[in-house]
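Following this note's numbering, the numbering of the sequence shown begins with 1486 at its first residue and continues without gaps.
Using N, Cα and C, we set each Cβ at its ideal position, and we do this for glycine too.
Here is the structure we will look at, set down as structure tokens.
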Amino acid sequence: MAGGDDLLTQAAVPRTQPIPRNTSTCVHSGAQIFVKGKTGAFCFAALTRARDRISLGINRENEMSRLMKELKFFARQGGGSHKTCHDRIRIAGRLGGLLLSLNIQVKSLKSLKAKHVEQYVDTRLSQGIAKRTVQNEMSALRNIFRMAGREKLETSPRLSNQALGLSGTSRAGTKQAIPDTTFQVVYQKALERDAGFAVTLKLARLLGLRSQEVVQCSASLKSWRKQLEQPEPKLHVVFGTKGGRPRQTRVLDVAAVKEAVEQAMAIAEQRGGRLFDKPDLKQAMNYWRTHTTKIGLTGRYSPHSLRYAWAQDALNFYQKNGFSRQESRALVSMDLGHGDGRGRYVERVYSRST
1486 MAGGDDLLTQ AAVPRTQPIP RNTSTCVHSG AQIFVKGKTG AFCFAALTRA RDRISLGINR
1546 ENEMSRLMKE LKFFARQGGG SHKTCHDRIR IAGRLGGLLL SLNIQVKSLK SLKAKHVEQY
1606 VDTRLSQGIA KRTVQNEMSA LRNIFRMAGR EKLETSPRLS NQALGLSGTS RAGTKQAIPD
1666 TTFQVVYQKA LERDAGFAVT LKLARLLGLR SQEVVQCSAS LKSWRKQLEQ PEPKLHVVFG
1726 TKGGRPRQTR VLDVAAVKEA VEQAMAIAEQ RGGRLFDKPD LKQAMNYWRT HTTKIGLTGR
1786 YSPHSLRYAW AQDALNFYQK NGFSRQESRA LVSMDLGHGD GRGRYVERVY SRST
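Listed below in structure tokens is the structure:
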């Protein structure tokens, strides 16, 4: 073989540590690794550096994986409805993901410090997330810290809403009851897109349904038809309710609700029992969210604003039928699925003027 500087030699390098299978090199235990280079020493040093970098990356990922597992474990222990637990787990994952992206190595929940949570809050606010939303996320994180026995971190003065710059917000939110004229405009847009989509909007407005309740209401249409034959009917809302708690809602306009239910049943018959021509709930919910935004139900007039408008109508309905103001707001609160103890909240938030 010809000699010279360009000659590539092979150097056998004993394997001292396992090399990940996801690299381009595939070896077995006890094997030798042959690398090409001008000198064996140079190749060995390069290989060692590469191996160390890979090893550090794996160790770091393992550490973060442990932190993520702990965060999600204690998120499940905090109680609450299925949705509350799911949201808490999602927030825990977001915190762990942020630390990983910032190259902050935290081995476990015991090593988590206030400065890490401060960085999380600063990042969320810089992304344009509303203060009220970050407040809710901090509430979820405090719950996780409490379940993990990190009471000092939970109650740290550095992590109070005021210290984090989250104070001064209101639980009233930004939504308002949608005016009838605005609703008619978006309803016509929905009708042009899909009849099943349009009738769900109408049912949400007439019954004060949440998004998931109205998307799943096709399973209750036959029961609703029977219940509408009763004097002063109340409809049972069973599917898609918050926390899986069934509730009853007062029918304010019997004729309009009957018409909407009949329309919905006719559409569902043509679509195999569905109002949305989608194979599963996830795709139906995605369709609902996407198309409500496209027709203009966003910002202060989001889909939830239909529920706000129904709450205003219900308060007026009860008071016109002889109930006191206190009784009316308690009844509306129960119709909405909040229980009778949140009447003042419902009146203050749901009944704000447009």
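In this structure, DSSP gives L1720 an extended state, which the three-state scheme calls strand. Between T1618 and the set R1573, A1749 and A1599, the nearest pair of CA atoms involves R1573. In this chain, the beta strand (DSSP E) harbouring Q1733 covers R1732 to R1735. About 13 Å separates the beta carbons of V1746 and T1734, which is beyond the 8 Å limit, so they are not a contact pair. A direct Cα-to-Cα measurement between E1714 and Q1748 gives close to 17 Å.
For A1599, the enclosing alpha helix (DSSP H) has its first and last residue at A1599 to S1611. In this structure, V1742 and L1691 form a Cβ contact; the two beta carbons are roughly 5 Å apart against a cut-off of 8 Å.
Residue range K1616 to M1632 is occupied by the alpha helix (DSSP H) that includes N1628. Closest in alpha carbon position to L1706, among R1635, L1688 and E1717, is L1688. Contact annotation, A1675 with I1780: C-beta distance approximately 5 Å; criterion of less than 8 Å satisfied.
Counting only runs that start and end inside the region 1741-1782, there is no beta strand (DSSP E) element of at least 3 residues. The three-state secondary structure of K1687, taken from DSSP, is helix.
Runs of the beta strand (DSSP E) lying entirely within the region 1634-1658 and spanning at least 3 residues: none are present. A1815 is the residue among A1815, Y1835, L1821 and T1666 whose C-alpha sits nearest the C-alpha of G1828. Short of 6 Å from the beta carbon of N1806, and not among the five residues preceding or following it, lies no beta carbon of its own chain. Closest option to W1709, judged by alpha-carbon separation, among L1720, R1643, V1700 and P1716: L1720.
For Q1804, the uninterrupted alpha helix (DSSP H) segment begins and ends at H1789 to K1805.
Residue nearest to N1646 within the set M1623, S1611 and T1666 is M1623 (criterion: CA-CA distance). Taking every protein chain shown into account, the CB of I1614 has fewer than 16 other CB atoms within 10 angstroms, so this residue is exposed.
Approximately 5 Å separates the beta-carbon atoms of L1760 and S1703; this is inside 8 Å, confirming the contact.
Three or more pairs of CB atoms, one per stretch, sit closer than 8 Å, so the region 1550-1560 contacts the region 1624-1636.
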